[in-house]
Ligand code: TYD
């Protein structure tokens, strides 16, 4: 099974004044309307975050400064993606367990999200995630 997440390269506008990256709705790497923006920063050395999946939410993650590892798990296979380049964006689709590890000092991770914050969209334990993912994969009704 191919991973349901993807990493894409964002176009950079560079000139003698520096660099600019624009993320605009309708582009292939942003297959949703942005309803929320948040960013994670000030993460202490060795601290991990995330450890959840979303039932509906789609997110685009960009390390605009520094870097972090994102572990993605579809209930079957695990992948580790290093985000350490402001021109790379990781699309995290629904039903992808994700964890964030190994934050470099000073990291700022920008996240564009398809919906407002909704705690009921979260699956917060790996066991529940595996169970829900299995139901979706088999089409079974729990
Ligand atoms: P949390 O989901 O624990 O962060 P992470 O996924 O990085 O581990 O969120 C931390 C706190 O921030 C928690 O109290 C919920 C709150 N929060 C919001 O209020 N709005 C948001 O958009 C997000 C992502 C979190």
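In our numbering, the protein residues as written are 742 to 883. Backbone N, C-alpha and C fix where the C-beta goes; we use that ideal spot for every residue, glycine too.
Residue j beta carbon less than 8 angstroms from that of residue i
i: residue 753; j: residue 809; result: no
i: residue 872; j: residue 745; result: no
i: residue 846; j: residue 804; result: no
i: residue 776; j: residue 855; result: yes
i: residue 844; j: residue 807; result: yes
i: residue 750; j: residue 828; result: yes
i: residue 802; j: residue 831; result: yes
Between the CA atoms of residue j and residue i - distance to the nearest angstrom
i: residue 834; j: residue 796; result: 9 angstroms
i: residue 748; j: residue 850; result: 15 angstroms
i: residue 783; j: residue 792; result: 18 angstroms
i: residue 763; j: residue 822; result: 22 angstroms
i: residue 825; j: residue 788; result: 17 angstroms
i: residue 811; j: residue 842; result: 6 angstroms
i: residue 878; j: residue 870; result: 12 angstroms
i: residue 860; j: residue 759; result: 39 angstroms
i: residue 880; j: residue 756; result: 52 angstroms
i: residue 779; j: residue 794; result: 17 angstroms
Same chain only: Cβ atoms within 6 angstroms of residue i, ignoring 5 sequence neighbours per side
i: residue 813; result: 746, 820, 837, 839
i: residue 800; result: 833, 852, 854
i: residue 768; result: none
Close Cβ partners of residue i (< 8 angstroms) along its chain, the five nearest in sequence each way excluded
i: residue 765; result: 771
i: residue 774; result: 766, 855
i: residue 743; result: Confidence in residue 743 is poor, its pLDDT being 44 and thus under 50, which makes the residue's placement too unreliable to answer from.
Cβ-based neighbour list, residue i, same chain, cut-off 7 angstroms, excluding 5 preceding and 5 following
i: residue 798; result: 835, 854, 855, 856, 862
Ligand 1 site residues, beta-carbon cut 5 angstroms against heavy atoms: 779, 790, 791, 858
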